[in-house]
Amino acid sequence: MAKHETPLLDQLEDGPWPSFVSDLKQQAEVRAKNEKGVEFQIPQDTVDDLLGVLELSYKHGRTHWKHGGIVGVFGYGGGVIGRYCDQPEAFPGVEHFHTMRVNQPAGKYYKTDYLRQLTELWDFRGSGITNMHGATGDIILLGTTTPQLEEIFYTLTHDMDQDLGGSGSNLRTPADCLGGSRCEYSCYNVSALCHFLTNEYQDELHRPAFPYKFKFKLDGCPNCCVASIARSDMSFIGTWRDNIQIDQDAVNKYVENDPAYPSNGGAHKGSKDWGPFDIQKEVVGL
Ligand code: HEM
Ligand code: HEM
Ligand code: SF4
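Be aware that the sequence shown starts at -14, since it is given in my numbering, and climbs by one per residue.
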């Protein structure tokens, strides 16, 4: 049985799309049942209260999160984003509901035991709600209380070799595409540069000294999979040093639908065959 009635939020479960409301309800239920016997360090019903306060915001047409209050871990000025609710009596489970940014690895590669450790830590000391990954790039851990911050930071840094990311007016966690590790288009070693920049600018990353945030983002080639040009202040986009080489003979054969030069290199052969490209139908006439 849900703690709060949420008729307005319930409407967001309609339609063909995944719903964050359904996800939150599921997480509220997991915590209520607590089949794993977790010794929750923040209120067990924090997710119920998150749903409750959001429903109230929909009713009032304004947020019930206060902005303000600096909160963090010793020695760092970034990485934790303070969130306080302006309705602590009605929703004590989200009186504090701070976000932690965790520095994702270059290319976002994980081992399953790392992910298990991270989610176990977050179930134990946080709400269990994550955003993998935030638009900024980081692992986002949503919702914990002030006394838990140092505990989480200790476990991350001592037991998991894991640092916090950026927030506030500092250098934000550099983010990259997966580069040459999986992608044939990569024109430089994206992961190495991302790793280097992260290490080189540790101080700037953790101690906000700028008048505003600053972002590096790295794309291996002009396909711009991480949209570095739109999303960062300094984007790195791999390109060619030489003149672009074109095999005009092969291009002509492709245009003439020569079977030796199938579209998409033959990758969709048999499954999705759209036939020859018709510029009038597929572009001009749309
Ligand atoms: C006063 C309240 C809040 C303000 C002003 C606020 C503002 C922001 C801003 C400016 C960002 C950074 C966006 C970026 O640079 O990527 C952010 C990130 C984020 N916030 Fe909030 N927020 C608030 C409350 C919340 C709450 C209550 C939640 C969830 C329950 C939340 C979830 C997130 C998430 C998931 C991100 C990471 C987004 C991403 O990187 O994709 N925020 N918020
Ligand atoms: C439908 C509405 C909106 C969507 C979907 C949205 C989404 C986002 C996303 C995805 C980012 C992360 C950019 C990145 O680093 O990749 C972002 C950043 C941000 N958003 Fe929004 N946003 C919306 C409306 C707003 C509004 C109304 C405000 C403020 C009045 C706002 C304030 C910000 C700020 C301050 C940032 C950080 C910008 C920066 O990186 O310098 N957003 N938003
Ligand atoms: S930006 Fe280029 S190199 Fe990076 S993943 Fe996308 S296509 Fe590959």
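Think of the CB as a built atom: it goes at the ideal place given N, C-alpha and C, for glycine as much as any other residue.
CA-to-CA, the gap between F262 and M85 works out to about 48 Å. Taking a C-beta distance under 8 Å as the contact criterion, L190 and N155 qualify as a contact pair. In the DSSP assignment, N116 falls within the beta strand (DSSP E) that extends over 114 to 117.
DSSP places A13 in the helix class (H, G or I) of the three-state scheme.
Going by C-alpha positions, P3 is about 12 Å away from L9. In the assembly as shown, W107 is a buried residue. Its beta-carbon has 16 or more other beta-carbons within 10 Å.
Taking a contact to require three or more Cβ pairs closer than 8 Å, the stretch 199 to 208 and the stretch 163 to 181 qualify as touching. I124 is bridged by DSSP to V87, M117. Pairing V87 with L141 gives a Cβ-Cβ distance under 8 Å. Secondary structure at F109: helix, using DSSP grouped into helix, strand and coil.
At the C-beta level, T129 and R101 stay beyond 8 Å of one another. DSSP places F221 inside the beta strand (DSSP E), whose first and last residues are 219 to 222. The DSSP assignment places complete beta strand (DSSP E) segments of no fewer than 3 residues inside the stretch 177 to 235 at 201 to 204, 219 to 222, in order along the chain. With a cut-off of 8 Å on Cβ pairs, the stretch 89 to 103 is in contact with the stretch 151 to 165, counting three or more such pairs.
If you draw a straight line from the Cα of D(-1) to the Cα of L182, it comes to about 44 Å. DSSP places G37 inside the alpha helix (DSSP H), whose first and last residues are 31 to 45. The alpha-carbon separation between N116 and G122 amounts to approximately 10 Å.
L41 sits buried, since 16 or more C-beta atoms from the chains shown fall within 10 Å of its C-beta. Per the DSSP secondary-structure output, H81 pairs in a beta bridge with Y69. Of F82, E185, F195, the smallest CA-CA separation from P28 is found for F82.
Following the DSSP letters along the chain, one finds L149 in no alpha helix (DSSP H), marked with neither H nor E. D243 has no beta-bridge partner at all, per DSSP.
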